[in-house]
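Here is the structure we will look at.
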Amino acid sequence: MNKRVALKESRTLMLDMDGTLLDLAFDNYMWLTHIPAAYARARSLPEELARAELYEQFGRLRGQLEWYCLDHWSDRLQLDIVGLHHAERARIGWLPGAQEFLQGVQDAGLRVLLVTNSHRDTLDLKSAATGIATYFDEIYTAHDFGFPKERREFWEILASRESFDPSSTMFVDDTEPVLASARAFGVNHVVKISRPDTTRDARPSENFPHVASVMELLE
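Just so we're aligned, residue 0 is where the sequence shown starts under numbering that gives the first Met the number 0, counting upward by one.
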């Protein structure tokens with residue numbers, strides 16, 4: 000797939016947020032380091048043991064709506080997860096070229112949608128930190144629908160609320176099960192971000208067209 004041609008042929012552009020437009024380094028730091036450390040302090044546990052316990056819990060729910068839900072983890076861990084995120088908000092940032100890309104597609108005649116699994120509290124925090132919400136015609140979150148993007152039901156509800164033709168739609172995300180779900184629903188152009196976290200190496204996909212940055216779609 001010629002990704003630039005595919006974008007020009009599209010009428011609707013759907014974009015993920017974390018790991019597609021915003022640096023996943025923030026989320027990885029929060030869930031892999033900061034929250035386990037807070038959990039260890041609250042339970043008087045060694046950090047290594049706390050990490051192992053939480054990673055096992057995270058793994059069981061990965062890809063389910065609860066995995067993305069701050070309310071779930073606040074209740075489960077008895078921690079102020081929203082407060083912990085706010086305390087580290089200075090770490091929130093754009094991926095390279097992402098803001099320029101959003102500016103570049105403003106005049107392309109596309110309907111530009113933010114389609115995210117992010118919890119509304121996280122979305123509000125990140126929008127306040129970056130202004131990301133101002134770039135979209137509409138914003139849809141999995142928590143509003145009751146299903147994550149990994150589930151077909153998400154796409155069915157989205158299609159009932161947003162008039163779009165899957166054959167002329169491009170969807171960009173950093174998670175392969177999500178891209179597979181969109182493709183199965185009929186979204187014609189699906190593109191994976193291969194470097195969602197700037198502190199880690201790129202992870203090219205064998206299953207989907209991929210770019211390191213959304214800016215490559217305009218180049």
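All C-beta atoms, glycine included, are put in the ideal place defined by N, C-alpha and C.
- In the three-state reduction of the DSSP assignment, E205 falls in the coil class, being assigned neither a helical nor a strand state.
- DSSP places T198 in the coil class of the three-state scheme, outside both helix and strand.
- Here DSSP, grouped into helix, strand and coil, assigns F146 to coil.
- Rounded to whole angstroms, the Cβ separation of I80 and L21 is 18 Å, and the two are not in contact under 8 Å.
- Secondary structure within the segment 105-163: the alpha helix (DSSP H) runs of 4 or more consecutive residues, fully enclosed, are 119-129, 141-144 and 151-160 (chain order).
- Our two residues, Y67 and R61, have alpha carbons roughly 8 Å apart in a direct line.
- Using a C-beta cut-off of 8 Å, the segment 113-124 makes no contact with the segment 34-49, since fewer than three inter-stretch Cβ pairs fall below that distance.
- By the CB criterion at 8 Å, H188 and S73 fall outside the cutoff.
- When the beta-carbon positions are compared, F135 and L113 come within less than 8 Å of each other.
- Around the Cβ of N116, a 10 Å sphere holds 16 or more other Cβ atoms; the residue is buried.
- By the beta-carbon neighbour count (other beta carbons within 10 angstroms, threshold 16), D26 is buried.
- In the three-state scheme derived from DSSP, where H, G and I count as helix and E and B as strand, D173 is classed as coil.
- CA-CA distance, F163 to A183, rounds to 16 Å.
- The three-state reading of DSSP puts M214 in helix, counting H, G and I together.
- By the Cβ criterion, the segment 124-132 is not in contact with the segment 26-39, since fewer than three pairs of Cβ atoms, one from each stretch, lie closer than 8 Å.
- Rounded to the nearest whole angstrom, the C-alpha separation of M214 and L101 is 9 Å.
- Around the beta carbon of P147, a 10 Å sphere encloses 16 or more other beta carbons of the protein chains shown; the residue is thus reported as buried.
- Note on geometry: alpha-carbon atoms of A107 and E137 lie some 16 Å from one another.
- Note on P35: 16 or more other CB atoms within 10 angstroms of its CB, so buried under the neighbour-count rule.
- Around E152, the same chain offers F146 as residues with beta carbons nearer than 6 Å, after the five sequence neighbours per side are excluded.
- Straight-line spacing of the CA atoms in A89 and P195 works out to 18 Å.
- Residues of the same chain with a CB within less than 7 Å of the CB of A24, apart from the 5 flanking positions on each side, are D196, T197 and T198 in chain order.
- When only Cα atoms are considered, H71 and E87 end up about 20 Å apart.
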